[in-house]
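See structure below.
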Amino acid sequence: MVLSLAGGALGLFLAAWSTRALQALLRPDSGEFRERLPRWDQIGLDMPVLLFTLALALLTGILFGTAPAFASARGDVNDALKECGRGSTPGAAGARLRRMLVVAEIAVALVLLIGAGLLMRSFLRLRAVDPGFDPHNVLTMAVSVAGRRDYVGAGRETLYRTLIERVEAVSGVRLASMTNHLPLAGDTWGMNVAIEGRPLPVRGRELHTIYRVARPNYFAAMRMRLAKGRDFTDRDTAGTPPVALINETLAKREFPNEDPLGKRITLDDPRRNPKWLTVVGVVKSVKQRWADAPDNEVYIPFLQDPGFLSGAPPWTSYITLVVRTDVDAATLTRAVKNAIWSVDRNLPLSQVQTLEHAIGNAIWQSRFSLLLIGIFAGLALVLAMLGIYGVMAYEVTQRTHEIGIRMALGAGRARIVKLIANQTLPLALAGIFCGLCGAAGSVRLMRTMLYEVDTLDPATFAAVAVLVLAVSTLAALAPARGATRVDPMITLRHE
């Protein structure tokens, strides 16, 4: 009971420490994280957790303390004394149970380690994905003019142009521009697109695209490669012919064997006197969701979007500022804010972050899952090591007499180590076999959590199996070395 309560207390300490560590390591501010894990920062040890831990510790102590006691009470005292006097291992059933528990520990550890290994490979592949833009040295923030009647129409354009000029005047800033939404931000505006001269799409099977509004230099600030054509310029205004840029995904899908430049598209209903946009450029596709293929995208010049100038829809009152810097973008946060507030001190700023931080938020779920299962896998591996060590140490203690006789008859240290290893290896192999079988069936549940990684990835399975075998061998070394230090003369004298 004392050991059980001590273990419960240690578990509470580790739980409190690990919870704080997780909260410190995972501080995503993405909307998706807040929706899926609300009140994440309030997770901690409270009275129900303490009471549950106490009850579990007491129950564990009672179950695992009384069961051996009852088993001993039913045994024959004379037989037990004879067995102990000969120094052999008492209780074949107890030995089998101990070994079965070790095999189970190894199997569970292997299953968790394989899951962690698959998540690690998936996470590394996610990190290696090309998002279609360069996130380094980019600062972003949302600017709101909601409720400001002085920033409608020409007043809004004057404000945004002045903001960009002030920000670009900050030392260390290379370029500044604006867009309605950043890639990987989580929210996208979808619209149907029709192509001039093509048959009208059947309702329900329209060509869907993501709608973006951008100012000049946006693609340069994001370092999104222009595949062909031109970028937006200050001459693309409400008084000039409407233009648009499309991404490579849309160009390859709808214009595989022809030049998309000069083609006309519309985001309106083509049956109702639509506004036709001339395609003047094709830009590299970017990721909107990290693990998915790029979507179709159409970009419109800011000054040719009537909604953003009039502020009629509420969501047009927010614009995202993109600042490309020559230094670490985070170090210019205060200077950029001051530049904006020098134009209007009352402008609200939100979602202030570097683009690299935004990417971290985009893959928070993979990082979170990897961290959790990695922690559990590590703990399971430690428990398996302790189990092997405990069983082997107990076996050595019970076989001291046998080992002494073997050494007296000429057995060397290597032979004694081999004797102990021969007992460890079957346990490790049995646990690995059971773990591989269990993992083959259970990892299929992780299919949706993996990116470009097979659930039965042979490299991961093999690497984890070798790791567990190596760790099991190391765990048995200490008892094996202890066995080699047995003095045969003392053993025989006791006999």
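If you're matching positions, the sequence shown starts at 2 in our numbering and goes up one per residue. Built from N, CA and C at the ideal position, the CB exists for glycine as well.
- Around the beta carbon of V104, a 10 Å sphere encloses 16 or more other beta carbons of the protein chains shown; the residue is thus reported as buried.
- Sequence-distant partners of L470 (beyond 5 residues in either direction) whose C-beta falls short of 8 Å from its own C-beta, in its chain, are A429, L430, I433.
- The stretch 317-325 and the stretch 274-289 do not touch, with fewer than three beta-carbon pairs separated by less than 8 Å.
- Taking 8 Å as the upper bound for CB-CB distance, F369 and L113 are not in contact here, some 16 Å apart.
- Rounded to whole angstroms, K253 and H137 show a C-alpha spacing of 28 Å.
- Of D269, N248, T326, L356, the smallest CA-CA separation from M192 is found for D269.
- Taking 3 residues as the shortest admissible run, the stretch 114-171 contains the following complete beta strand (DSSP E) segments, listed from N- to C-terminal end: 139-145.
- Here H209 carries a strand assignment [DSSP, helix/strand/coil].
- By the CB criterion at 8 Å, N297 and L246 fall outside the cutoff.
- Cβ-Cβ separation between Y212 and V299: approximately 6 Å, consistent with a contact (criterion under 8 Å).
- The Cβ atoms of D327 and G173 sit closer than 8 Å to each other.
- Assignment of V50 by DSSP, reduced to helix, strand and coil, places it in the helix class.
- By alpha-carbon distance to A186, the top candidate from S178, K338, Q354 is Q354.
- The residue among I196, R416, E255, P307 with its C-alpha nearest the C-alpha of G240 is P307.
- About 6 Å separates the Cβ atoms of P217 and D235, confirming a contact at the 8 Å cut-off.
- At the C-beta level, A340 and V168 come within 8 Å of one another.
- When the Cα atoms are used, A466 and P302 turn out to be separated by approximately 56 Å.
- CA-CA distance, K264 to E197, rounds to 7 Å.
- Scanning the stretch 255-329 from its first residue to its last, the whole alpha helix (DSSP H) runs of 4-plus residues come out as 307-311.
- Pairing T425 with A477 gives a Cβ-Cβ distance under 8 Å.
- Excluding sequence positions up to five before and after V171, its CB lies within less than 7 Å of the CB of L333, A336, V337, A340, all in the same chain and listed in chain order.
- A residue is called buried when at least 16 other Cβ atoms come within 10 angstroms of its Cβ; L164 meets this threshold and is buried.
- When the five nearest sequence neighbours on each side are left out, the beta carbons in the same chain lying within less than 6 Å of the beta carbon of R445 are those of T456, in order along the chain.
- A direct Cα-to-Cα measurement between M225 and A110 gives close to 45 Å.
- Around V472, the same chain offers L382, A385, M386 as residues with beta carbons nearer than 8 Å, after the five sequence neighbours per side are excluded.
- Nearest to F233 by C-alpha distance, out of G156, W18, P295, M179, is M179.
- Secondary structure note for G432: its alpha helix (DSSP H) is the uninterrupted segment 414-443.
- Residue I115 holds the alpha-carbon nearest to the alpha-carbon of C438 among N274, I115, T67.
- Under the DSSP assignment, N339 falls in the alpha helix (DSSP H) whose first and last residues are 334-342.
- Non-local C-beta neighbours of A17 in its own chain, meaning closer than 6 Å and more than five positions away in sequence, comprise L46, ordered along the chain.
- When A460, E453, L475 are compared, the shortest CA-CA separation from V418 is found for L475.
- A228 has its alpha-carbon roughly 22 Å from the corresponding atom of W277.
- Note that the C-beta distance between A143 and Q305 is not below 8 Å.
- The closest CA to that of R100, considering only C435, A394, I389, I406, is found on I389.
- Here V3 is exposed, its C-beta having fewer than 16 other C-beta atoms within 10 Å.
- Counting other Cβ atoms within 10 Å of its Cβ, M223 reaches 16 or more and is therefore classed as buried.
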